[in-house]
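Protein chains: 2
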Amino acid sequence: MSKQSQQKLNNTDQNGVSVIQTQAHSSTPNSAGAAAELQQVPQLVPVSSGGGGKATPPSKMKKPILDKESDEYRQRRERNNLAVKKSRMRSKQKAQDTQQRVNELKEENERLEAKIKLLSKELSVLKDLFLEHAHNLADNVQPPAAAVTPGDLCNNNNSGNNNNSQ
Amino acid sequence: MSKQSQQKLNNTDQNGVSVIQTQAHSSTPNSAGAAAELQQVPQLVPVSSGGGGKATPPSKMKKPILDKESDEYRQRRERNNLAVKKSRMRSKQKAQDTQQRVNELKEENERLEAKIKLLSKELSVLKDLFLEHAHNLADNVQPPAAAVTPGDLCNNNNSGNNNNSQ
DNA sequence: TAGGATTGCGCAATCT
DNA sequence: TAGATTGCGCAATCCT
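Line by line, the protein sequences are chains A and B.
Residue numbers for the first sequence follow the numbering used here, beginning at 12 and rising by one.
Residue numbers for the second sequence follow the numbering used here, beginning at 12 and rising by one.
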């Protein structure tokens, strides 16, 4: 984390462009409070790309050779810098949100696991109770017909098992 | 995604340092195959920081004034660029992993929810069965003492409820 | 102190 | 045409 003013200048050569140094005007149109100023605007001079004119470009005729002095250039740069900052903030925020989501889901998982444990226990108790009761009945009374067969319950025991296939 | 060579130069002013342009030697010790060459090495000259000597610096006396010509500088830069790339790759990977984790946790959650549903249903059936049976007993036999009170089971019904408190 | 790891930032090429 | 992304280099810090 650092929040220091930083002045940079870079000359990107491209498509045959020579760079000539010029004294800069320290106008600092920076919105952020940058203290130090030291502009150095390299003068871009298009190097003649051979003898031919630039009519009917071979494939794609981009890069009208940007003039780094022009207001338009600076404006474009500034807008882009803003966009970049915005985009990065978003990206960061998103990453943070995703991490948060992981935490939430983990918690939820634990809750669910706990609930499953509880339900399983309840089921188990209930089944034991039922079986015991059924035995008692069998001992004390002779039911004319089979009322409820404990076997049905036993089937329910762990039928829906899930294999952790991973 | 773009993989184009790019030449840059920037002069960072700091702690009172003026920049004077110098003609560069395009030696290009770059390992990466950068086609175009155009070095512009700004000569860094320390501006006298007042009249006092720089003995016993007030706080931190860093920045021995980097010489952008030196091999050491270039080596440092290159190492740092590598480190940066590495760090960014990691960061990206991590973000990806986190996203993946979210997906996995979501799936797991669904599985757990399904299991809970199943268990709940089983419990419900079992309880109904038990209650019915208890009624039958009550109708047909007069138990000397209370054998099992169905109320106990009803208590177990939905005890462990969970509130989604975000 | 040295040196790798992070982070913020600007530029330019692309993408949308 | 313009904003959004993305790769990259620089420098300041952070962290060992």
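Heads up, the beta-carbon is just placed ideally off N, CA and C, and yes, glycines get one too.
As assigned by DSSP and simplified to three states, the class of residue i
i, result
"A:S81", "coil"
"A:I76", "coil"
"A:E48", "Bear in mind that a pLDDT of 31 at A:E48, under 50, signals an unreliable position, so the number given afterwards is only what the model happens to contain. A:E48: coil per DSSP, three-state reduction."
"A:A125", "helix"
"A:V136", "helix"
"A:L116", "helix"
Whole-Å CB distance - residue i paired with residue j, under 8 Å assumed
i, j, result
"A:S131", "B:L130", "6 Å"
"B:L134", "A:L134", "6 Å"
"A:L123", "B:E124", "7 Å"
"B:A106", "A:A106", "5 Å"
"A:E119", "B:N120", "6 Å"
"A:P127", "B:K103", "In the sequence under discussion, the amino acid at residue 127 of chain A is Ile, which differs from the Pro named in the question. Between B:K103 and A:I127 the Cβ distance is about 36 Å, and since that is not below 8 Å, they are no contact."
"B:V113", "A:R112", "5 Å"
Practice item. Inspect the CB distances between the segment 87–97 of chain B and the segment 80–96 of chain A and report whether three or more fall short of 8 Å. Key: no
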